[in-house]
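With the working numbering, the residue at position 225 of the sequence shown is 225, and numbering never jumps.
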Amino acid sequence: MRIAVLKERAAGESRVAATPETVKKFTALGATVAVEEGAGAGASISDAAYREAGAEVASGGAVVKDADIVLGVQAPDVASLTGAKPGAWVAATFDPFSQRERVDAYAKAGLEALSMEFMPRITRAQSMDVLSSQSNLAGYKAVIAAADAYGRAFPMMMTAAGTVSAAKVFVMGVGVAGLQAIATAKRLGAQVSATDVRSATKEQIQSLGAKPIFVENVAGIEGEGAGGYATEMSPEYQAAQAELVSSHIAKQDIVITTALIPGRAAPRLVLDAQIATMREGSVIFDLAVAQGGNVEGSLPDQVVEKHGVKIIGFSNTATHLAADASALFSRNLFNFLNAFWDKEAGKPVLDEEIGDAVRLTQGGEVVNERLKGD
Numbered sequence: 001m002r003i004a005v006l007k008e009r010a011a012g013e014s015r016v017a018a019t020p021e022t023v024k025k026f027t028a029l030g031a032t033v034a035v036e037e038g039a040g041a042g043a044s045i046s047d048a049a050y051r052e053a054g055a056e057v058a059s060g061g062a063v064v065k066d067a068d069i070v071l072g073v074q075a076p077d078v079a080s081l082t083g084a085k086p087g088a089w090v091a092a093t094f095d096p097f098s099q100r101e102r103v104d105a106y107a108k109a110g111l112e113a114l115s116m117e118f119m120p121r122i123t124r125a126q127s128m129d130v131l132s133s134q135s136n137l138a139g140y141k142a143v144i145a146a147a148d149a150y151g152r153a154f155p156m157m158m159t160a161a162g163t164v165s166a167a168k169v170f171v172m173g174v175g176v177a178g179l180q181a182i183a184t185a186k187r188l189g190a191q192v193s194a195t196d197v198r199s200a201t202k203e204q205i206q207s208l209g210a211k212p213i214f215v216e217n218v219a220g221i222e223g224e225g226a227g228g229y230a231t232e233m234s235p236e237y238q239a240a241q242a243e244l245v246s247s248h249i250a251k252q253d254i255v256i257t258t259a260l261i262p263g264r265a266a267p268r269l270v271l272d273a274q275i276a277t278m279r280e281g282s283v284i285f286d287l288a289v290a291q292g293g294n295v296e297g298s299l300p301d302q303v304v305e306k307h308g309v310k311i312i313g314f315s316n317t318a319t320h321l322a323a324d325a326s327a328l329f330s331r332n333l334f335n336f337l338n339a340f341w342d343k344e345a346g347k348p349v350l351d352e353e354i355g356d357a358v359r360l361t362q363g364g365e366v367v368n369e370r371l372k373g374d
C-alpha cells in the first residue's frame with residue numbers, strides 16, 4: 001500500500017495533507033508513505049522531518065508512481081496524478097458543486113475521488129470531519145484578523161487616564177466557526193453577542209457567555225437542516241431578522257459573519273445600508289467571502305472600506321494558520337483511513353454509510369447521489 005502526498009498547487013495554499021506524526025501512524029499500519037519535496041514548507045515542516053518519520057521524499061512524479069492512495073488538502077488536477085495505479089483513491093477536498101469539471105475529469109481518468117467535505121456529520125465520523133477542524137481555526141483567525149484591523153483595544157481597561165470601553169463584537173452564524181469566534185472574542189475581553197436562524201444555538205451562545213440576538217414569534221427555522229447546517233429562511237423570517245440585525249449592528253464595533261449553506265452561494269446577511277449605520281473605524285470580517293460573501297461589497301483577500309468601515313475576508317482562512325490546520329487536517333485523513341483499515345488486506349475497505357457519502361467517482365463514472373443529474 002503506497003500513500004502519496006503531493007505539494008499543494010492551489011494559489012495561496014500553505015497546508016499539507018500529512019505531517020510527520022501521521023506518516024509514522026501510516027507506516028505503523030504497514031503502508032509506504034511518499035511525500036513530494038517541499039510539500040510541508042508552508043506549514044513549517046522540512047523534508048528532513050518527513051524522512052525522519054519514515055517517509056520517502058522525492059519529486060512529484062516519483063511520489064505518485066504506483067500510488068494506491070493520494071492525499072491532498074485541495075484535490076490535485078488529474079494531470080499531476082499520472083502514474084498512480086488504476087482506480088487509485090484520492091482523498092481531499094473537491095468543492096464538488098462548483099468544481100464539477102474536475103470531478104468529471106477524475107471519473108474519466110478512472111480515479112476514485114473521495115470528497116472529505118462530504119463526510120457525514122455523524123458521531124463516529126467526527127474525528128474525520130475536515131470542515132469542522134478547519135472551520136474551528138477559521139473562526140479563531142477571523143477574530144484575530146479583525147482585532148488587528150480594528151484601531152482600538154478589545155477589553156475594557158481602567159487606567160489613571162480614564163476608562164477604555166470594551167469592544168462590541170457581533171457574530172452572525174453559530175456553527176463551528178461562529179462558536180470559536182464567540183469564544184475567542186470573549187477571551188480577548190470583548191462584549192459579545194451572536195445570532196443564528198437555528199433556535200437550538202441560543203443555549204450554545206449563552207454557554208459561552210455571549211448574548212443571543214434572536215427573532216421572536218416569527219415562523220422561520222426551528223431546527224437544523226441536513227448534516228447540522230441551517231436551511232434557507234422563510235421570507236417573513238428574513239424580513240424580521242433584517243430589521244432586528246439592522247438595529248443591533250449599528251451599535252457594534254466588530255461583526256463576524258460565518259453563514260454558509262453547502263452547495264449554494266453564501267446568504268447575504270449584511271447590506272450596504274446596514275454598514276452605513278456602523279461607526280467609522282468598525283470592522284466586518286466575512287468568513288464566507290470565497291463563496292460569494294455574507295456582506296455586500298466584500299472581496300476575497302482585499303480590504304474594502306465603505307462608509308468608514310473596513311470589510312475584510314480571506315479566500316482561504318485556515319491556510320493562515322497552516323501549521324495547526326495541517327496537523328488537524330492530516331489527523332482527519334488518518335482517522336478516516338485508519339477506521340476502515342483491514343489488516344489482512346493491508347488497505348482500507350470503506351463501508352456503505354461513509355464510503356457512499358464521500359465517494360464521488362468510481363469505475364469511470366460519477367456515482368455520488370448528490371451529484372447525479374447536477
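Just so you know, even glycine gets a beta-carbon here, dropped at the ideal spot from N, CA and C.
- 8 Å or more divides the Cβ of Ile205 from the Cβ of Ala190.
- Pairing Lys306 with Ile354 gives a Cβ-Cβ distance that is not under 8 Å.
- Across the set Tyr140, Gly72, Pro155 and Gln99, the C-alpha of Tyr140 shows the shortest separation from the C-alpha of Gly175.
- Counted as a single uninterrupted DSSP element, the alpha helix (DSSP H) harbouring Arg100 occupies residues Arg100 to Lys108.
- Contact fails between the region 151-159 and the region 329-341, because fewer than three Cβ pairs, one in each stretch, are under 8 Å apart.
- Cβ atoms of Leu6 and Gly72 come within 8 Å of each other, at about 6 Å.
- Inside the region 108-163, DSSP marks whole beta strand (DSSP E) runs of 3 or more residues at positions 112-115 and 157-159, from first to last along the chain.
- Assignment of Phe336 by DSSP, reduced to helix, strand and coil, places it in the helix class.
- When Arg124, Pro212 and Val255 are compared, the shortest CA-CA separation from Ser298 is found for Val255.
- Residue burial is scored here from C-beta neighbours: Lys372 has fewer than 16 other C-beta atoms within 10 angstroms and is therefore classed as exposed.
- Thr258 is positioned such that its CB atom lies closer than 8 Å to that of Ala181.
- For Thr82, the three-state secondary structure derived from DSSP is coil.
- Taking all protein chains in view, the Cβ of Pro348 is crowded by 16 or more other Cβ atoms within 10 Å, so the residue is classified as buried.
- Following the DSSP letters along the chain, one finds Gln191 inside the beta strand (DSSP E) bounded by residues Gln191 to Thr195.
- Looking at the DSSP output, Leu71 shares a beta bridge with Val5 and Ala91.
- Contact between the region 56-75 and the region 29-36 is present: 3 or more CB-CB pairs across the two stretches fall below 8 Å.
- Under DSSP, Lys168 takes part in a beta bridge, and its partners are Gln191.
- Residue burial annotation: Lys25 is buried, with at least 16 other C-beta atoms found within 10 angstroms of its C-beta.
- Taking C-alpha positions only, Ile3 is separated from Pro300 by approximately 34 Å.
- As the crow flies, the alpha-carbon of Val16 is around 15 Å from that of Ile69.
- Secondary structure of Val289 (DSSP, three-state): helix.
- Note on geometry: alpha-carbon atoms of Ala266 and Val171 lie some 16 Å from one another.
- Contact annotation: the region 307-326 does not touch the region 338-348, with fewer than three C-beta pairs closer than 8 Å.
- Only residues of its own chain outside the window of five on either side were considered, and among them Gln74 have a CB closer than 6 Å to the CB of Ala10, listed in chain order.
- In the DSSP assignment, Ile213 falls outside any alpha helix (DSSP H), carrying neither H nor E.
- Per DSSP, Val63 is one residue of the alpha helix (DSSP H) stretching across Gly60 to Val64.
- In the three-state reduction of the DSSP assignment, Ala55 falls in the coil class.
- For Lys310, the uninterrupted beta strand (DSSP E) run begins and ends at Val309 to Ile312, by DSSP.
- Within the DSSP bridge table, the entry for Ala11 names no partner.
- Rounded to whole angstroms, the gap between the alpha carbons of Val192 and Ala28 is 46 Å.
- In the three-state reduction of the DSSP assignment, Ile261 falls in the coil class, being assigned neither a helical nor a strand state.
- The C-alpha of Ser207 lies about 30 Å from the C-alpha of Thr159.
- Counting of Cβ neighbours within 10 angstroms places Gly178 among the buried residues, the total reaching 16 or more.
- Excluding five sequence positions before and after Gly281, the CB atoms of its chain that fall closer than 6 Å to its own CB belong to Gly151, given in chain order.
- A distance below 6 Å between beta-carbons, with the five flanking residues on each side excluded, links Asp286 to the following residues of its chain, in chain order: Thr257, Gly293, Asn294, Val295, Ser298 and Gly313.
- DSSP places Pro235 in the helix class (H, G or I) of the three-state scheme.
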